[in-house]
Amino acid sequence: MSDKPLLKKADFQSDQAIRWCPGCGDYAILAQTQKTFPEITEKKEDTVFISGIGCSSRFPYYMNTFGFHTIHGRAPTIASGLKMANPELSVWLVTGDGDGFSIGGNHMIHLLRRNVDINVMLFNNRIYGLTKGQYSPTSEQGKVTYSTPMGSIDYPFKPTKLALGAEASFVAKTIDKELKHLQAMIKRANSHKGTSFIEIYQNCNIFNDGAFSHLTDRDTKEEQLLRLEDGEPMIFGAEKNKGIYLDGTSPKVVQIGKDYSIDDIVVHNEKDRFIGDMLANFTSSEEFPEPVGVLYCKERPSYDELMEAQMKEAQKDSKKAKGLHELLNAGDTWEVK
Amino acid sequence: MSKKAKLETVDNVTIRFAGDSGDGMQLSGGRFTQTSAIMGNDLSTLPDFPAEIRAPAGSLAGVSSFQIHFSSQEIHTPGEKPDVLVAMNPAALKVHLKDLTPGGALIINKNAFTNKNLKLAGYDSDPTEDGSLEDYYSTHFIEMSKMVELACEGIDLSPKLIDRTKNLCALGVLFWMYDRPLEPTIDWLNKKFKSKPDVVEANVRALNTGYNYGDTAEIFTTRYVVKKAKLAPGKYRNINGTLATCLGLLTAVEKSKLSLTFAGYPITPASNILHTLSNWKRFGVKTYQAEDEIAGIGAALGASYGGSLGVTASSGPGIALKGEFLGLAVITELPLVVINVQRGGPSTGLPTKTEQSDLFQAVYGRNGEAPMPVIAAATPGDCYYTAYEACRMAVKYMTPVMMLSDGYLVNGSEPWIIPNPDEMNDFDAGFVKENLTDEQYLPYKRNKETLARGWAIPGTKGLEHRIGGIEKQDVTGNVNYDSDNHEKMVQIRAQKVANIANELPPTEIFGEKKGALLILSWGSTHGACKAATESLLEEGLKVAHVSIRWISPLPKDLKDILSNYKKILMPEINTGQFRQMIRAEFLVDAIGLNEVQGKPLGASTIVAKAKEIINE
């Protein structure tokens, strides 16, 4: 890449009218993506956006790259096949909490464990938007929706925790309104080889407005957000005076100053799975701040790399030209005159 | 050679090997098949095994069998009633005795007729002792287990392993009876158990023991010679439908310079396609064992989107799961080959048995107006040409294609003239070239002749575009909900599939060009219908057989062909699915012959039905 981007944000904007509801968090995510892409690629023809079904899954239509709007929950399967066919492509998968973790939950966990080099953007608005307001597998218990008039009795997933459980090699979280942070996470995902999983808290202003307002309101957010930086202590709060302290293996929130100094605070290590699991557990808890940033990142060979290596190994000594003839004539043969 | 036994020449023999799942009957049958193939007989085989990997030993549920029909004449079916039944235990006898031709040879492993095994098979008294068999069959009660035990004395193998060689002993007896050489089997054993010389030695001794028993025991009065069949000249090998299918796929990608990406999920009886292709990485074949059936077709379609030829294979229940993706492949107009190795249904049904009951599923089984080409293989070897054709049409017409085979075709085998792939037509993937203008690429612009859209693969400059499952505007491919556009796109997709009929060769008619009766078949009933037609023609009846390869679209000349016969008979291993289609399409009063017993139709059943219709 040259220092100055060859492409501009406008190069990534398609000519299609955007049909999300006015005020939807998806707009911000789309804008940040279009803004970031000139910095991460010079060849938009090598970029492919793949999605399933749902509001977020309309995303590929608005990106002027290659795009495939597939069927509900199945985007990981198409993306995996595509990456197998052409490992050179930069493949991005856009999904939602219903698409990716309800109907497509099986594909999502297998994508993560295989570690195919694909970047996943999970738009989590904790509601079904396109079908007009049913609870999702990330909706909180007790949520009243059209399908749960007495409140949902389903217990929700924590997507980052599920991703780690599925052996994801890169797990991050960000928020639609955290524009710079969102851009940074897109760049980090892009540079990670293997499946990169970014959960993006996204506001649905029609069916679940304000689901994340405590994390986005100027007055409250710094008290609620734990902004993760690799190698930095886990401190938070408007005054930067709170931190995460490990009491044995139990984390707790402490005040920095009197009883605890900055040296007592856990230092974030993206490669440490124990820390990753701990942070994922902080999701939506009463006790802990909401972590944003890279929870866990540790490279291991990606599926497509391993496959290419096997293909290369198998083809090492073969003379492909006569391969088919050889196979057809293998085993016992006889002539009839 | 025996001094006592006389040699008699016969044209046709059907042998059935039957025993417990662990008795190695598939192996015995396979070796007899290979030897008969090398001897130049025409042949056809039918393996039949239980769905359970190891049902309780000695139980009726655990019986596994292998039937081979071999002949000095051209044959088309694995035979109906066996002339020889090998029963390795009481359960095998109980299950298969009813099929043995009266007067046929019954070869039994006497040592397996223990009280426990007799009880498991439901016998009150031992049929090898109570005289119930001798009056009806030519019986040979041989102490195979004991014989191999004695023969293998001094070999350092467990008694259990030595007992396992009794299938080779049975095979040796059969080789003696039908005057076949042992060498091909000994060569094969040497290769197969290269690193285990003791195992080779034990098996060779067992084989010789069986052969010598025939030679010296003086209990057989006759040996039989089945001469070479007069087959078309050429170089032959024996082939089953699974291997033929895989070779067909490989030929298609070699002839089109495409890469092959196969993605599938384990399911009987389709899994062997995944296994075979997984060993062909050296030919550039990528295989992917997906997390489920849906992911299998999704990854295959994703690979096609990326410019590889995506192929998936399954059986009925798995195809049901793939249904939504078939619709996506139809609307996004991407090439894709979906192989359905049919088995007995509905639901899990009869996983290891054959049936032709997924025809409606293949032709109609999707939501919306989602036409899709459907091609069916007629014989094990024909799977090669069918798979190649499915790939060629998928690429040329930018469409998913369903290839139908079935349990009988993939597991059955026949002698096969080895095709020369140099003589198969090349075809071009025809990827859209890069677009260096400022104009937007138009993904739904079409080839005027075929109506296929362009294959514009990611990574190609200037072709950035979006596709998906929402209805698209003609030409531009933009999301479009307009009613007139939708109707137009529905019609274009249907016309595109119909256009395939323009390049189908004239339908082959076997028999009379006009006459009393046309036997119309599709898929694996081909062999039985052809054999029945041969027999009817020999009797001077004015009949013909037509086997349909492309079920969707149907060949254009079929309507005229149907009009040339007074009656039409349609044998199918379902309750009449193709017959309904033919009646609806051509308004003809086709008569069905339908069996759903999990096994191939018999030619004699078809002959009887044909005569009944002609004589009406």
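Heads up: the sequence lines are chains A and B, in that order.
Residue 334 is where the first sequence starts when you use my numbering, and the numbers rise one by one after that.
Residue 597 is where the second sequence starts when you use my numbering, and the numbers rise one by one after that.
Glycine included, C-beta positions come from ideal geometry on N, C-alpha and C.
(message) Taking the alpha-carbon of B:L1133 as reference, which of B:L1114, B:Q1173, B:I611, B:S1120 has the nearest alpha-carbon?
(response) Position 537 of the second sequence, counting from 1, holds the residue named residue 1133 of chain B. Nearest C-alpha to B:L1133: B:L1114.
(message) So, at 6 Å on beta carbons, what are the nonlocal neighbours of A:C354 in its own chain, with the 5 sequence-adjacent residues on each side left out?
(response) Taking the first residue of the first sequence as 1, we reach residue 354 of chain A at position 21. So the list reads I539, once near-sequence residues are dropped.
(request) Give the range of the beta strand (DSSP E) segment to which A:C630 is assigned. (result) Position 297 of the first sequence, counted from the start, is the residue given in the question as residue 630 of chain A. Per DSSP, A:C630 belongs to the beta strand (DSSP E) from 623–630.
(request) Using the Cα positions of A:L612 and A:M441, report the straight-line distance between them to the nearest angstrom. (result) Working through the first sequence from its first residue, we reach residue 612 of chain A at position 279. Working through the first sequence from its first residue, we reach residue 441 of chain A at position 108. Using only the alpha carbons, I get a separation of about 20 Å.
(message) My assumption, with CB atoms under 8 Å, is that B:P643 sits in contact with B:N1007. Please give the rounded CB distance.
(response) Numbered from 1 along the second sequence, position 47 holds the residue referred to as residue 643 of chain B. Numbered from 1 along the second sequence, position 411 holds the residue referred to as residue 1007 of chain B. Their Cβ separation, rounded to whole angstroms, is 5 Å, which keeps B:P643 and B:N1007 in contact under 8 Å.
(message) For A:L637, count the other beta carbons within 10 Å of its own beta carbon; 16 or more makes it buried, fewer makes it exposed. Which is it?
(response) Position 304 of the first sequence holds residue 637 of chain A. According to the sequence displayed, residue 637 of chain A carries Asp and not Leu. Flag for A:D637 reads buried.
(request) Could you name the residues that DSSP lists as bridge partners for B:Y1161? (result) Position 565 of the second sequence, counted from the first residue, corresponds to residue 1161 of chain B. Paired residues: B:G1111.
(request) Within the same chain, show all residues whose beta-carbon is closer than 7 Å to that of A:L363, passing over the 5 residues directly before and after it, in chain order. (result) The count along the first sequence starts at 1 and reaches residue 363 of chain A at position 30. Excluding residues within five positions, the ones whose Cβ falls inside 7 Å are F392, Y395.
(request) Report yes or no: is there a C-beta of chain B within less than 7 Å of the C-beta of A:H440? (result) Counting from 1 along the first sequence, the entry for residue 440 of chain A is found at position 107. Closer than 7 Å: yes.
(message) For B:W784, report the span of its alpha helix (DSSP H) as first-last.
(response) For the purposes of this step, residue 784 of chain B is taken as the residue at position 188 of the second sequence. Element bounds for B:W784: 779–788.
(message) Taking its Cβ as the centre, do 16 or more other Cβ atoms sit within 10 Å of A:Y534, making it buried, or is it exposed?
(response) Position 201 of the first sequence holds residue 534 of chain A. Buried: at least 16 other Cβ atoms inside 10 Å.
(request) Look at B:L905 and B:L854 and say whether their C-beta atoms are less than 7 Å apart. (result) Residue 905 of chain B sits at position 309 when you count from the first residue of the second sequence. Residue 854 of chain B sits at position 258 when you count from the first residue of the second sequence. Cβ distance < 7 Å, so B:L905 and B:L854 count as in contact.
(message) Output needed in chain order: residues of the region 832–844 of chain B with a Cβ under 8 Å from some Cβ in chain A.
(response) Y832, R833, N834, L843
(message) Please return the same chain residues whose Cβ sits closer than 7 Å to the Cβ of B:E797, not counting the five positions on each side in sequence.
(response) For the purposes of this step, residue 797 of chain B is taken as residue 201 along the second sequence, with counting starting at 1. Closer than 7 Å at Cβ, skipping near neighbours: I751.
(request) With a threshold of 16 other CB atoms inside 10 Å of the CB of B:M597, please say whether the residue is buried or exposed. (result) Residue numbering aside, residue 597 of chain B sits at position 1 when the second sequence is read from its first letter. Unreliable placement is indicated for B:M597, whose pLDDT of 44 sits below 50; no coordinate value is reported for it.
(request) Could you please tell me which residues of the region 891–911 of chain B, in chain order, have their CB closer than 7 Å to any CB of chain A? (result) A891, G894, A895, A896, L897, G898, A899, Y901, G902, G903, S904, G906
(message) Please state the DSSP three-state secondary structure of A:A505.
(response) Counted from its first residue, the first sequence places residue 505 of chain A at position 172. Three-state result, A:A505: strand.
(request) Check the Cβ of A:A297 against every Cβ in chain B and list those closer than 7 Å, keeping chain order. (result) As shown, chain A starts at 334 and ends at 670. That puts residue 297 of chain A outside it, with no answer to give.
(message) Less than 7 Å between the C-beta atoms of B:T641 and B:S1079, yes or no?
(response) Walking along the second sequence from the start, residue 641 of chain B turns up at place 45. Walking along the second sequence from the start, residue 1079 of chain B turns up at place 483. Not in contact: B:T641 and B:S1079 (Cβ atoms no closer than 7 Å).
(request) Provide the residue(s) that pair with B:H665 in DSSP beta bridges, ordered along the chain. (result) Residue mapping note: residue 665 of chain B aligns to position 69 of the second sequence, counting from 1. Partner(s): B:T610, B:S640.
(request) From the DSSP output, in three-state form, read off A:S463 for me. (result) By one-based count along the first sequence, residue 463 of chain A stands at place 130. It is Leu, not Ser, that sits at residue 463 of chain A in the sequence shown. Three-state result, A:L463: coil.
(message) Check whether chain A comes within 7 Å of B:T605, counting only Cβ atoms and requiring the distance to be less than that.
(response) Here residue 605 of chain B refers to the residue found at position 9 when the second sequence is read from its first residue. So, not an interface residue.
(message) By DSSP's criteria, B:V997 is part of a beta bridge. Which residues make up the other side?
(response) By 1-based counting over the second sequence, the position of residue 997 of chain B is 401. The partner list for B:V997 (beta bridge, DSSP) reads B:V933.
(request) Determine the closest residue to A:V424 out of A:G431, A:G414, A:K491, A:G356, with distance taken between C-alpha atoms. (result) What you label residue 424 of chain A is simply residue 91 of the first sequence in a count that begins at 1. The shortest Cα separation from A:V424 among A:G431, A:G414, A:K491, A:G356 belongs to A:G414.
(message) For a contact defined as C-beta to C-beta under 8 Å, what are the partners of B:H1061 on chain A?
(response) In the second sequence, residue 1061 of chain B corresponds to position 465, counting from 1. Simply F399, G400.
(message) Tell me the DSSP secondary structure of B:W1051 in three-state form.
(response) Taking the first residue of the second sequence as 1, we reach residue 1051 of chain B at position 455. Three-state DSSP puts B:W1051 in a strand.
(message) For B:L846, list the residues DSSP reports as bridge partners.
(response) Walking along the second sequence from the start, residue 846 of chain B turns up at place 250. Bridge partners of B:L846: none, in fact.
(message) With the cut-off set at 7 Å, would you say A:L339 and A:E378 are in Cβ contact?
(response) Residue mapping note: residue 339 of chain A aligns to position 6 of the first sequence, counting from 1. Residue mapping note: residue 378 of chain A aligns to position 45 of the first sequence, counting from 1. Contact flag unset, no.
(message) Please classify A:I486 as buried or exposed, where buried requires at least 16 other C-beta atoms within 10 Å of its C-beta.
(response) On the first sequence, position 153 is the one that residue 486 of chain A refers to. Looking at its Cβ environment, which holds fewer than 16 other Cβ atoms inside 10 Å, A:I486 is exposed.
(request) Look at the Cβ atom of B:A958, then the Cβ atom of B:M994, and state whether they are nearer than 7 Å. (result) Numbered from its first residue, the second sequence carries residue 958 of chain B at position 362. Numbered from its first residue, the second sequence carries residue 994 of chain B at position 398. Cβ distance not < 7 Å, so B:A958 and B:M994 don't count as in contact.
(message) Going by DSSP, what residue range makes up the alpha helix (DSSP H) through B:W772?
(response) The count along the second sequence starts at 1 and reaches residue 772 of chain B at position 176. Run containing B:W772: 762–773, per the alpha helix (DSSP H) assignment.
(request) Put A:F530 into one of helix, strand or coil per three-state DSSP. (result) For the purposes of this step, residue 530 of chain A is identified with residue 197 of the first sequence, where counting begins at 1. Looking at A:F530 - three-state DSSP - the assignment turns out to be strand.
(request) Select from B:P1151, B:K1162, B:K1126 the residue whose C-alpha is nearest the C-alpha of B:S1200. (result) In the second sequence, counting from the first residue as 1, residue 1200 of chain B sits at position 604. Minimum Cα distance to B:S1200 is reached at B:K1126.
(message) Residues in the same chain with beta-carbon distance under 6 Å from B:G914, minus the five sequence neighbours each way, listed in chain order, please.
(response) Start at 1 with the first residue of the second sequence, and residue 914 of chain B comes out as number 318. Excluding positions up to five away in sequence, the list reads I863, E889.
(request) Express the C-alpha separation of A:T507 and B:S857 in angstroms, rounding to a whole number. (result) On the second sequence, residue 857 of chain B is found 261 positions in, with the first residue counted as 1. On the first sequence, residue 507 of chain A is found 174 positions in, with the first residue counted as 1. The displayed chain sequence assigns Thr, not Ser, to residue 857 of chain B. Between B:T857 and A:T507, the C-alpha separation is close to 36 Å.
(message) Please tell me whether A:I411 and A:I383 are closer than 7 Å, where the distance is taken between their beta carbons.
(response) Looking up residue 411 of chain A in the first sequence gives position 78. Looking up residue 383 of chain A in the first sequence gives position 50. Cβ distance < 7 Å, so A:I411 and A:I383 count as in contact.
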